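What follows is a set of notes on a single structure, which appears directly below.
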Amino acid sequence: MSRFDAIVVGGSVGGLSFAGEAAKRGLSVLVLEEHDEIGEPEKCDGLVSLRGLRRYGLAPSRGAIQSSVREGVIHPPAGPQLCVDAGALEVVVIDRSQYDKQLAENASELGAIIKTGLRVQRAAEKGELVTVDAGQTYESDYLVDATGPASAPAGGILPAAKYEVEADWVEEGRVEVFVDQARYPGFFAWTIPYGARRAKVGAAGRGINPFKALDALLESRPHKVIRRVAAPIYVGGPAGRFVSGRKVWVGESAGQVKPTTAGGIATSIGGGVIAAKWVAESVHSHDPSRLEGYEREWRETFEKEMRAMMRLRGVFERLSNREVDLLISTLSSPKLLARLGKSDFDFHATAFLSALGVVGLFTLARLVASAEVRQLLSPRS
Ligand SMILES: Cc1cc2nc3c(=O)[nH]c(=O)nc-3n(C[C@H](O)[C@H](O)[C@H](O)COP(=O)(O)OP(=O)(O)OC[C@H]3O[C@@H](n4cnc5c(N)ncnc54)[C@H](O)[C@@H]3O)c2cc1C
9 MSRFDAIVVG
19 GSVGGLSFAG
29 EAAKRGLSVL
39 VLEEHDEIGE
49 PEKCDGLVSL
59 RGLRRYGLAP
69 SRGAIQSSVR
79 EGVIHPPAGP
89 QLCVDAGALE
99 VVVIDRSQYD
109 KQLAENASEL
119 GAIIKTGLRV
129 QRAAEKGELV
139 TVDAGQTYES
149 DYLVDATGPA
159 SAPAGGILPA
169 AKYEVEADWV
179 EEGRVEVFVD
189 QARYPGFFAW
199 TIPYGARRAK
209 VGAAGRGINP
219 FKALDALLES
229 RPHKVIRRVA
239 APIYVGGPAG
249 RFVSGRKVWV
259 GESAGQVKPT
269 TAGGIATSIG
279 GGVIAAKWVA
289 ESVHSHDPSR
299 LEGYEREWRE
309 TFEKEMRAMM
319 RLRGVFERLS
329 NREVDLLIST
339 LSSPKLLARL
349 GKSDFDFHAT
359 AFLSALGVVG
369 LFTLARLVAS
379 AEVRQLLSPR
389 S
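Under the working numbering, residue 389 is the last one in the sequence shown; the count climbs by one each step, no gaps.
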């Protein structure tokens, strides 16, 4: 039985970006994916910033890009809609199945071995040896858990579903977000066009039946459903630890997902690539304590933004529909919208907070305070 430097459980963006980078750094890597085909079944909507992927040298191929986003429209519960010119953000919609296959091909070309149709049942660490049981036993020095939401930190999962639809009302390049605390408590619904007359339409929220929410959203919009997908999203923030002994967690299993939008492609790829760098350091120096560098570097890159996102999420969760309307109307200053349109999509919370300015921050503070007071007065508190 051959022994690998690292075994990766999970062949999606987190695991495959790890595998490519680790192989590039000279490690022997085995990826074990439970499904028969990489990228399938596809759940993700694929809305992502090209900048975020280029940062790690993993831009999607032309064939994997379905559409470019030029405008974001927020529909508040009752107030007027808010439009953000997104042309400068370099946000695209990718075909996740294609993109994951591209990452797998890249990792294989660099020397990683990818085995599909193998579900890992058990992994154990004994001294310097990791053994992984997937029907057959494999051995390695290090283990990478890239199993996604199944291992994500407890408590951060929201029910979500999406339809892929064909419809005349779809405007290519125009992403819509529907905010309504009664229909989608603590989250929102969305439409993401991915070609002429085609859109991915999703909904998520605390305690909702997302299919019912989607049916209600689409009631007044004639459409034909091409595909239905139920898949939970994760919004609970990064895990407390990404490293333990000879094991690292990357991607959604480490909670490396934006708590505001549940977008996890770029942050998981960041996790995979940074983890690979430090696993390679550990292998080359025969010193597992070097793994700590992974956690440090990922947090240096993303922690400030994640904290800002968690704060925004905490505020948003407590707002009533009336307060959401008030907040969104405060945001509709041309100056603020222009600044948002020029920010970095992957770091939108810090950009948003700095763009708010004194008046916006004051409104936000007032809303939070009123929500807190209301919570204090609520008979359930
Ligand atoms: C409906 C929906 C829409 C989304 N839209 C977007 C979006 O537009 N933009 C964005 O950035 N993010 C989006 N996300 C989030 C994004 O898809 C995830 O954050 C990202 O895929 C996480 O990557 P990952 O590699 O950590 O985990 P995953 O992509 O979840 O992959 C985990 C892999 O591990 C495998 N696996 C699990 N257990 C085992 C096992 N025991 N043995 C072997 N293999 C195993 C699984 O089969 C899977 O392939 C969306 C998510 C959902 C659910």
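Positions of the beta carbon are idealized from the N, C-alpha and C atoms, including for glycine. Bear in mind that the values here come from a model prediction, so they are computed numbers and not experimental data.
Between the C-alpha atoms of residue i and residue j, what's the straight-line distance to the nearest angstrom?
{"i": "isoleucine 165", "j": "alanine 262", "result": "13 Å"}
{"i": "isoleucine 336", "j": "leucine 90", "result": "7 Å"}
{"i": "arginine 127", "j": "proline 157", "result": "15 Å"}
{"i": "alanine 131", "j": "valine 16", "result": "11 Å"}
{"i": "leucine 61", "j": "proline 68", "result": "8 Å"}
{"i": "arginine 293", "j": "serine 75", "result": "With the sequence shown as reference, residue 293 is identified as serine, and arginine is not the correct amino acid for it. Their Cα atoms are separated by approximately 44 Å."}
{"i": "glutamate 172", "j": "valine 99", "result": "19 Å"}
{"i": "threonine 358", "j": "valine 323", "result": "15 Å"}
{"i": "lysine 285", "j": "valine 37", "result": "13 Å"}
{"i": "lysine 32", "j": "leucine 372", "result": "46 Å"}
{"i": "arginine 214", "j": "aspartate 176", "result": "31 Å"}
{"i": "glutamate 184", "j": "alanine 94", "result": "12 Å"}
{"i": "proline 49", "j": "threonine 124", "result": "13 Å"}
{"i": "valine 281", "j": "proline 201", "result": "29 Å"}
{"i": "glycine 87", "j": "glycine 245", "result": "30 Å"}
{"i": "serine 389", "j": "glutamate 325", "result": "The predicted position of serine 389 is uncertain, since its pLDDT is 35 and thus under 50; a value taken from the coordinates is nonetheless stated next. Cα-Cα distance, rounded: 15 Å."}
{"i": "threonine 155", "j": "glutamate 289", "result": "23 Å"}
{"i": "glutamine 129", "j": "threonine 139", "result": "11 Å"}
{"i": "glutamate 430", "j": "histidine 231", "result": "Residue 430 lies beyond the residue range present for the chain, which begins at 9 and ends at 389; the question has no answer from this structure."}
{"i": "arginine 206", "j": "serine 105", "result": "17 Å"}
{"i": "alanine 238", "j": "arginine 70", "result": "28 Å"}
{"i": "leucine 334", "j": "valine 101", "result": "30 Å"}
{"i": "aspartate 153", "j": "glycine 34", "result": "20 Å"}
{"i": "alanine 346", "j": "glutamine 189", "result": "27 Å"}
{"i": "leucine 151", "j": "alanine 14", "result": "6 Å"}
{"i": "serine 159", "j": "arginine 298", "result": "24 Å"}
Count the other CB atoms within 10 Å of the CB of residue i; is the residue buried (16 or more) or exposed (fewer)?
{"i": "aspartate 149", "result": "buried"}
{"i": "serine 6", "result": "For the chain, the structure presents residues 9 to 389; residue 6 sits outside this window and is missing."}
{"i": "alanine 197", "result": "buried"}
{"i": "phenylalanine 310", "result": "buried"}
{"i": "proline 267", "result": "buried"}
{"i": "alanine 270", "result": "buried"}
{"i": "glutamate 300", "result": "exposed"}
{"i": "glutamate 308", "result": "exposed"}
{"i": "arginine 330", "result": "exposed"}
{"i": "lysine 312", "result": "exposed"}
{"i": "aspartate 103", "result": "buried"}
{"i": "alanine 96", "result": "exposed"}
{"i": "glycine 278", "result": "buried"}
{"i": "proline 84", "result": "buried"}
{"i": "serine 252", "result": "exposed"}
{"i": "threonine 145", "result": "exposed"}
{"i": "serine 10", "result": "exposed"}
{"i": "lysine 109", "result": "buried"}
{"i": "phenylalanine 370", "result": "exposed"}
{"i": "glutamate 136", "result": "exposed"}
{"i": "arginine 236", "result": "exposed"}
{"i": "glutamate 227", "result": "exposed"}
{"i": "serine 350", "result": "Note that residue 350 corresponds to lysine in the displayed sequence, not to serine. The residue is exposed, with fewer than 16 neighbouring Cβ atoms inside 10 Å."}
{"i": "lysine 170", "result": "buried"}
{"i": "aspartate 53", "result": "buried"}
{"i": "glycine 259", "result": "buried"}
Just to check my reading of the structure: residue i and residue j have Cβ atoms closer than 8 Å, yes? What is that Cβ distance to the nearest angstrom?
{"i": "valine 21", "j": "isoleucine 273", "result": "6 Å"}
{"i": "proline 167", "j": "alanine 212", "result": "7 Å"}
{"i": "isoleucine 216", "j": "glutamate 174", "result": "The pair is not a contact, with the Cβ atoms about 25 Å apart (cut-off 8 Å)."}
{"i": "glycine 18", "j": "glutamate 41", "result": "7 Å"}
{"i": "aspartate 402", "j": "arginine 78", "result": "Nothing can be reported for residue 402, as the shown portion of the chain is limited to 9 through 389."}
{"i": "arginine 191", "j": "alanine 224", "result": "7 Å"}
{"i": "valine 265", "j": "threonine 275", "result": "6 Å"}
{"i": "lysine 255", "j": "glutamate 133", "result": "7 Å"}
{"i": "valine 92", "j": "leucine 348", "result": "5 Å"}
{"i": "alanine 120", "j": "valine 39", "result": "6 Å"}
At a cut-off of 7 Å, would you count residue i as near ligand 2, judging by its Cβ distance to the nearest heavy atom?
{"i": "histidine 356", "result": "For ligand 2, the structure offers nothing, since it holds only ligand 1."}
Assess contact between the region 172 to 186 and the region 312 to 319, defined as three or more Cβ pairs (one per stretch) separated by less than 8 Å. Is contact present? no
Inspect the CB distances between the region 22 to 36 and the region 98 to 114 and report whether three or more fall short of 8 Å. yes
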